[in-house]
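S.K.: Using the working numbering, read the sequence shown as starting at 132 and increasing by one per residue.
We put the CB at the ideal spot given by N, CA and C, even for glycine.
Since this is a predicted model, take the numbers as computed values, not measurements.
Structure incoming, see below.
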Amino acid sequence: MDVRAVPYSHPDAAKLIEAVQQEYVTRYGDPDVTPVDPAEFAPPSGVFLIGYVGAEPAVCGGWRAHDEPVAPLVAGDAEMKRLFVVPSRRGNGLARGMLAELERSAAEAGRTRMVLETGVKQPEALALYYAEGYERIPQFGVYAGDPLSVCLAKPL
């Protein structure tokens, strides 16, 4: 996998973000409504990565800094967003590889913890995060209080 940092607005990023939003519609009935400003994913306060297999964009993910957070978030957190593997490439370790790269880049940028919000209808994502050492934290953001939401964190 060839991992490249790209702007959140890059055409390949837009294609993958649309695909992940459709995945949310399929699983939950609606897209993710968390407010996202593409500028949040620009270095040094964030990054958006695409993993290519050959010339094909196969996996994506990003993180954005939280330096003035609301509990349970703390200064130094990086919030992961849009970790997604295209269906035809699933089961080949791409998500695990992208997760490691996101964690590495966040730690390199001085972030001390990765946080994320996912959901109970994404058992494969939950299995990956738990296997990689993520633990549940109180819910945050627009899905706080949602019974389908699961928030996780891992020290970097």
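So for Arg-220, helix, strand or coil by DSSP?
M.R.: helix
S.K.: Starting from the C-beta of Ala-237, find all residues in its chain whose C-beta is less than 7 Å away, skip the five residues before and the five after it, and write them out in chain order.
M.R.: Trp-194, Ala-209, Met-245 and Leu-287
S.K.: Decide if Lys-146 is buried, meaning its Cβ has at least 16 other Cβ atoms within 10 Å, or exposed.
M.R.: exposed
S.K.: Would you check if the segment 180 to 193 and the segment 258 to 273 touch, i.e. whether three or more CB-CB distances between them fall below 8 Å?
M.R.: With a cut-off of 8 Å, the segment 180 to 193 and the segment 258 to 273 do not count as touching, because too few Cβ pairs lie within range.
S.K.: In angstroms with no decimal places, state the Cα-to-Cα distance between Gly-250 and Asp-277.
M.R.: 9 Å
S.K.: So is Gln-270 in contact with chain D if we call contact Cβ pairs under 8 Å?
M.R.: The structure shown contains no chain D; it holds only a single protein chain.
S.K.: Kindly indicate the opening and closing residues of the beta strand (DSSP E) around Pro-286.
M.R.: 280 to 286
S.K.: Please list, in chain order, all residues of the same chain as Ala-196 whose beta carbon is under 7 Å from its beta carbon, the five residues on each side excluded.
M.R.: Cβ within range, chain order: Ser-176, Gly-177, Ala-209 and Arg-242.
S.K.: Using beta-carbon positions only, say whether Leu-247 and Leu-283 come within less than 8 Å of one another.
M.R.: yes
S.K.: With a threshold of 16 other CB atoms inside 10 Å of the CB of Gly-222, please say whether the residue is buried or exposed.
M.R.: exposed
S.K.: Have a look at Tyr-155 and Glu-232 and give me their C-alpha separation to the nearest angstrom.
M.R.: 23 Å
S.K.: Assuming Pro-188 and Pro-138 are in contact, meaning their beta carbons sit under 8 Å apart, how far apart are those beta carbons, in whole angstroms?
M.R.: Pro-188 to Pro-138, Cβ: 14 Å. No contact.
S.K.: What span of residues does the alpha helix (DSSP H) with Leu-259 cover, start to end?
M.R.: Per DSSP, Leu-259 is one residue of the alpha helix (DSSP H) stretching across 254 to 262.
S.K.: Give the list of continuous beta strand (DSSP E) stretches no shorter than 3 residues that lie fully inside the segment 172 to 204.
M.R.: The segment 172 to 204 contains these whole beta strand (DSSP E) runs: 177 to 184 and 187 to 197.
S.K.: Could you tell me the alpha carbon to alpha carbon distance between Val-273 and Asp-163, rounded to whole angstroms?
M.R.: Computed Cα separation, rounded: 9 Å.
S.K.: Do the CB positions of Leu-259 and Arg-227 come within less than 8 Å of each other?
M.R.: yes
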